[in-house]
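K.L.:
Handing you this structure, nothing more for now.
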Amino acid sequence: MAERTGTAGPLGPWAAPAPTRVDAPPESEILGTLLDADRTGVVVLGPDGEVHSLNAAMLTMLGVGSIDEVGSGGPAHATVTAFLDQLPNRLRSGSGGNWQGTIDHPVAGGDTRTLRVTAHSIPVANGRSRISLMLHDVSDERRALSALRRRATHDRLTGLLHRDRLIAALASVVGQRRRGAGVVAAVAIDIDHLRHVNDALGTEAGDQLLVAVARRLEQIAGRDDRVARVGGDEFLVMSSHVHDIDDAVRIAERVERALRGSVVIDDRSIEIAASVGVAVADLSIGPGE
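Take 1080 as the starting number for the sequence shown in this note's numbering and just add one per residue.
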């Protein structure tokens, strides 16, 4: 049988020894660990851009290993100075206050990261001040939000505008124009025999045909034109910079030419067959005229 041993104490010979005291790390160290874990970059700067301190997450953002590599003249210091340059003058002049906003930060490879920035002006001795920056990379969140917004207004297959979005754009154009502003043209395109393509080659082939049509329409659309997929096999090109009906007809003819010919899908050549029509709204004619 195992025996317990111990030293005599107030509670008798079998009392457990007093636990060893372990001092907790300073609160600043705990805070720094939390910020690093959250990948929040923190840097403290002088008004002229000199770096006084920064944390590990900030070193990672800058792509360096130590604060010594953020010296004046280096690329990392140029990045920090660029952050400082985008702050309001009142913070850089030492007038105090806080600021929150976003900064677009170019990185290697031509990409751009979006950083959410919280800046504080910190007064120090002799009337000078320092500026603390807390930076959090929100690029992925911004991209996800942008994708959700685009999905709500654009067709998932072709990337063109949805029908509702095009109607809203048309209503906006008509509402902004005044009498005598010209003509708005809408060219309607109906892809013939899409069902036959789906039945013969499968819906994936039909989808590829629709995408090919969408790309051709985008190529011939003007800078201010809008192209939408308004139905399963229906498209619409809206042009708000048309001088007269003849201009509208010429746009429809350009659409017809763009859709002539064939598309190669799965090593098979598929002829595009489309019906094209045009409608115009003369904005110089008021209601009831």
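A virtual CB, placed ideally from N, CA and C, is assigned to each residue, including glycine.
Grab me the residues of aspartate 1181's own chain with a C-beta within less than 8 Å of its C-beta, minus the 5 sequence neighbours each way, in chain order.
P.N.:
First, the residue type needs correcting, since residue 1181 is threonine and not aspartate in the sequence shown. The answer, listed in chain order, is Thr1193, Leu1194, Arg1195, Val1196 and Val1217.
K.L.:
Determine the DSSP secondary structure at glutamine 1298, reduced to helix, strand or coil.
P.N.:
Helix, per DSSP.
K.L.:
What are the start and end residues of the alpha helix (DSSP H) that includes histidine 1156?
P.N.:
That run of the alpha helix (DSSP H) goes 1154-1164.
K.L.:
Quick check on serine 1319: buried or exposed, where buried means 16 or more other Cβ atoms within 10 Å of its Cβ?
P.N.:
It counts as buried.
K.L.:
Note down the Cα distance separating arginine 1229 from threonine 1119, rounded to an integer number of angstroms.
P.N.:
Rounded to whole angstroms, arginine 1229 to threonine 1119 spans 29 Å at the Cα level.
K.L.:
Helix, strand or coil for threonine 1232, going by three-state DSSP, please let me know.
P.N.:
Looking at threonine 1232 - three-state DSSP - the assignment turns out to be helix.
K.L.:
Can you have a look at asparagine 1177 and say buried or exposed, based on whether 16 or more other CB atoms are within 10 angstroms of its CB?
P.N.:
Asparagine 1177 should be labelled exposed.
K.L.:
Quick one: is arginine 1308 buried, meaning 16 or more other Cβ sit within 10 Å of its Cβ, or exposed?
P.N.:
By the neighbour-count rule (16 or more Cβ atoms within 10 Å), arginine 1308 is buried.
K.L.:
Name the DSSP beta bridge partners of arginine 1209, please?
P.N.:
Note: arginine 1209 sits in a beta bridge opposite Ile1201.
K.L.:
Between which two residues does the beta strand (DSSP E) harbouring threonine 1237 extend?
P.N.:
Unbroken run through threonine 1237: none, as it is neither H nor E.
K.L.:
Sort Asp1269, Ala1265, Leu1138 and Ser1348 by Cα distance to alanine 1327 and report the nearest one.
P.N.:
That would be Ala1265, whose Cα lies nearest to the Cα of alanine 1327.
K.L.:
Would you call threonine 1282 buried or exposed, if buried means 16 or more other Cβ atoms sit within 10 Å of its Cβ?
P.N.:
When all chains shown are included, threonine 1282 counts as exposed.
K.L.:
From this set, Ile1246, His1275, Glu1335 and Arg1171, which residue's C-alpha is nearest arginine 1209's C-alpha?
P.N.:
The option with the nearest alpha carbon to arginine 1209 is Arg1171.
K.L.:
With distance defined between alpha-carbon atoms, name the residue in Ile1349, Ala1300 and Gly1142 nearest to glutamate 1332.
P.N.:
The shortest C-alpha separation from glutamate 1332 is found at Ala1300.
K.L.:
What are the boundary residues of the alpha helix (DSSP H) that includes glutamate 1335?
P.N.:
First-last of the alpha helix (DSSP H) with glutamate 1335: 1324-1337.
K.L.:
Count Cβ pairs between the segment 1236-1246 and the segment 1136-1155 that sit closer than 8 Å; are there 3 or more?
P.N.:
As far as the Cβ criterion goes, the segment 1236-1246 does not touch the segment 1136-1155, which means the pair count is below three.
K.L.:
Excluding the 5 residues preceding and the 5 following histidine 1272 in the sequence, name in chain order all residues of the same chain whose CB lies nearer than 8 Å to its CB.
P.N.:
So the qualifying residues of the chain are Ala1352.
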